[in-house]
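FYI, the numbering for the sequence shown is 1 to 209, going by my numbering.
Each residue gets a CB set at the ideal place from its N, CA and C atoms; glycine is no exception.
Nothing here was measured: the structure is a model prediction, and the numbers come from that model.
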Amino acid sequence: MVTAKPVRNRSVTPEGAYRMALRLAREGDFNEALPLLQFASDLGHERSKYALATWYLHGRAVPKDIKKAVKLLQELSESGIGEAHYDLALCYETGSGVTRNPRKAFELYCQAGRNGVSDAWVEAGRMSFWGLGTKPDLKAARDFLLRAARSHDSEAEYMLGVVYEKGINDTPDIQRAARWYRRAAAHDDEFGKKAQAALNELDRAIRQG
Numbered sequence: 001m002v003t004a005k006p007v008r009n010r011s012v013t014p015e016g017a018y019r020m021a022l023r024l025a026r027e028g029d030f031n032e033a034l035p036l037l038q039f040a041s042d043l044g045h046e047r048s049k050y051a052l053a054t055w056y057l058h059g060r061a062v063p064k065d066i067k068k069a070v071k072l073l074q075e076l077s078e079s080g081i082g083e084a085h086y087d088l089a090l091c092y093e094t095g096s097g098v099t100r101n102p103r104k105a106f107e108l109y110c111q112a113g114r115n116g117v118s119d120a121w122v123e124a125g126r127m128s129f130w131g132l133g134t135k136p137d138l139k140a141a142r143d144f145l146l147r148a149a150r151s152h153d154s155e156a157e158y159m160l161g162v163v164y165e166k167g168i169n170d171t172p173d174i175q176r177a178a179r180w181y182r183r184a185a186a187h188d189d190e191f192g193k194k195a196q197a198a199l200n201e202l203d204r205a206i207r208q209g
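Here it is in structure tokens:
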């Protein structure tokens, strides 16, 4: 366990402390990195506070403390930090360190998306598709996923294929579904494989009439 030591050099700026902490963490020297992060965080440096929150969230260099992480994330979310909204949404969706609240999670994913976190639109789309924390709405799911797909996100592309195959207003659009599946299938990852399987299934259905 790493214990934070006070930073003696008070001429260090919060930004300087943050940069030094990152360098030391990359080198594996968490004993020196932690007090620098804590120092900068205490002075309101947002990136330091976010880094510290993720350390507590995942138990990196410090004992895992979800409640402490959530407290820091809540402070950051009030300042409009998208990454904090996203991580806080995950906590509310899973009930980690807070009472599980899918509706709050959905709202936070949307806030994160509006503050530049593309992955958050995938989560908002997923929740809209399944009706988690919000009413089931394929049109809303499509709109959220299209925002994420601008960054060539494979999960968003795959989910768009699913949305179009299922059909907005109960009207399937197989051509658009196949187009999005093909885009997702170009990625060498989990969703690329799922998309290829979905394409194969579509091809079989078309051949069988």
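Below 8 angstroms CB to CB, which residues in the same chain sit around Leu202 once its five sequence neighbours on both sides are set aside? Glu165, Ile174, Ala177, Ala178 and Tyr181
Grouping DSSP H, G and I as helix and E and B as strand, with all else coil, what is Ile81? coil
Through-space distance from Arg207 to His85, alpha-carbon basis: 46 angstroms
Is the beta carbon of Ser11 less than 8 angstroms from the beta carbon of Glu46? no
Residue range of the unbroken alpha helix (DSSP H) whose run includes Val122: Residues Ser118 to Trp130.
In this structure, does DSSP put Thr13 in helix, strand or coil? coil
I'd like to confirm the pairing. Which residues does DSSP put opposite Ile168 in its beta bridges? Thr171
Is the Cβ-Cβ distance between Gly167 and Ala195 less than 8 angstroms? It is not a contact, given that the beta carbons lie outside the stated cut-off.
Contacting residues, own chain, Cβ-Cβ under 8 angstroms from Gly16 (five flanking each side not counted): Hits under 8 angstroms: none found.
For Ala149 and Gly133, what's the separation of their Cα atoms in angstroms? 22 angstroms
Return the chain-ordered ranges of every alpha helix (DSSP H) run that is complete within the stretch 32-113 and spans a minimum of 4 residues. 46-58, 66-77 and 82-94
Checking 8 angstroms against the spacing of the C-beta atoms, do Ala53 and Leu24 come in under that value? In this structure, Ala53 lies away from Leu24, with their beta-carbon atoms at least 8 angstroms apart.
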